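In terms of this note's numbering, the numbers along the sequence shown are unbroken and rise by one, the last being 438. First comes the structure, then the notes that go with it.
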Amino acid sequence: MAGGASLMTSKTLVLATAGLAAAFDFPDAGFCGLAARRYKNFSGSGRPLYRFAVSSIRGAQAPFRPAVSEERGVLSLKRGDFDCVLDLQSGRGTLKCAPREQALDSFLRCFYSWLLPRKGGLLLHAASFARNGKAYLFPGRSGAGKSTLSKLAARAHFLLSDELVPVRKAGGRFRAWGSPFWGEMRRPGENRRFDLGGVYKLAKAGGNQVRELPGGRALGLLLRCSMNFAKDAETAALMLSLAAELAATRNSGELRFAKKNDSFTELVGV
Numbered sequence: 169m170a171g172g173a174s175l176m177t178s179k180t181l182v183l184a185t186a187g188l189a190a191a192f193d194f195p196d197a198g199f200c201g202l203a204a205r206r207y208k209n210f211s212g213s214g215r216p217l218y219r220f221a222v223s224s225i226r227g228a229q230a231p232f233r234p235a236v237s238e239e240r241g242v243l244s245l246k247r248g249d250f251d252c253v254l255d256l257q258s259g260r261g262t263l264k265c266a267p268r269e270q271a272l273d274s275f276l277r278c279f280y281s282w283l284l285p286r287k288g289g290l291l292l293h294a295a296s297f298a299r300n301g302k303a304y305l306f307p308g309r310s311g312a313g314k315s316t317l318s319k320l321a322a323r324a325h326f327l328l329s330d331e332l333v334p335v336r337k338a339g340g341r342f343r344a345w346g347s348p349f350w351g352e353m354r355r356p357g358e359n360r361r362f363d364l365g366g367v368y369k370l371a372k373a374g375g376n377q378v379r380e381l382p383g384g385r386a387l388g389l390l391l392r393c394s395m396n397f398a399k400d401a402e403t404a405a406l407m408l409s410l411a412a413e414l415a416a417t418r419n420s421g422e423l424r425f426a427k428k429n430d431s432f433t434e435l436v437g438v
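Okay, structure coming up:
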């Protein structure tokens, strides 16, 4: 674990997602300020797992898909607008990144998609809202209805995200966290934790109904919706194990919902 993380300066920021913190030492207050404003609800002074020395680079987004590799205890995360090398034993790394919100956000998504499976979790393409103290998860790729459901549910319920939700097993139970990663709604997010009440497949329909969903289909849905850029067997095995347990214990069926109002939320968690 990287040490000396509790001290905050004008050029240092500690960010935490799903209870997993990382420290970033920026080259200047301007870059640090950009990150601090974007992730203001996810910054803190907790002890980080890793610490990155950040430097600015000029870079384009292409190629869009990051390259992720791990060899001899060194993790590499690379795209056109960021290049990260992390020594996993010392917890120290370097991050070369274009000083833009989009580039940093893309790096963090890539980094946490790698880290979460190693800490009992997944970063899922999903919408999620809380009801009666529990979070409910609705995985789906583009066009599944995540944004539509989120906009309707937001009228009366706390939204964890409309796009990417970190889920992690901690204390013997699966929990979901509010996310800094959003889609169409572009909210800053809130760093709140909830026990996970259930996972539903989404389906747009003329009326509201919950149907049973076979376990195999639930597992396939979770695997398809788990963010992952790594290609190694270890990551695949970790994600399969977590998704299988999640499908076996939290499969709540298929939520068929109409786009008229938020009345479908009354069927969730029943």
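No residue lacks a Cβ here, since even glycine has one placed at the ideal position from N, Cα and C. Just so we're clear, the structure is a prediction, and the values are computed from it rather than from any experiment.
Inside the region 244–301 only - alpha helix (DSSP H) runs reaching at least 4 residues: Listed in chain order, they are 269–283.
Touch test, the region 404–419 against the region 347–358, Cβ-Cβ under 8 angstroms, three pairs minimum: Contact fails: fewer than three Cβ-Cβ distances are below 8 angstroms.
Extent of the continuous beta strand (DSSP E) run through Glu-422: Residue mapping note: residue 422 aligns to position 254 of the sequence shown, counting from 1. In the DSSP assignment, Glu-422 falls within the beta strand (DSSP E) that extends over 419–425.
Cβ contact check for the region 308–322 and the region 267–285: 3 or more pairs under 8 angstroms: In the pairwise beta carbon analysis, the region 308–322 is classified as not touching the region 267–285: fewer than three pairs are separated by under 8 angstroms.
Test item: CB-CB of Ser-420 and Tyr-368 under 8 angstroms: By one-based count along the sequence shown, residue 420 stands at place 252. By one-based count along the sequence shown, residue 368 stands at place 200. If you check the CB distance, Ser-420 and Tyr-368 come in under 8 angstroms.
Which of helix, strand or coil DSSP assigns to Leu-381: As a working note, residue 381 is residue 213 in the sequence shown. Here Leu-381 sits in coil by DSSP.
Segment limits, beta strand (DSSP E) that includes Gly-366: One-based indexing of the sequence shown puts residue 366 at position 198. Counting along the chain, Gly-366 sits inside the beta strand (DSSP E) bounded by residues 361–372.
Residue-level contact to chain D via CB, Arg-343, 8 angstroms cutoff: Note that chain D does not occur in the displayed structure, where there is just one protein chain.
Beta-carbon proximity of Arg-226 to Ala-191, cut-off 8 angstroms: Taking the sequence shown and counting its residues from 1, the one referred to as residue 226 is at position 58. Taking the sequence shown and counting its residues from 1, the one referred to as residue 191 is at position 23. In terms of Cβ geometry, Arg-226 and Ala-191 do not form a close pair [threshold 8 angstroms].
Reduced DSSP category for Lys-208 - H, G, I as helix; E, B as strand; rest coil: One-based indexing of the sequence shown puts residue 208 at position 40. The three-state reading of DSSP puts Lys-208 in helix, counting H, G and I together.
Residue of Arg-205, Arg-323, Arg-233 minimising C-alpha distance to Lys-399: Here residue 399 refers to the residue found at position 231 when the sequence shown is read from its first residue. Ranking the options by Cα distance to Lys-399, first place goes to Arg-233.
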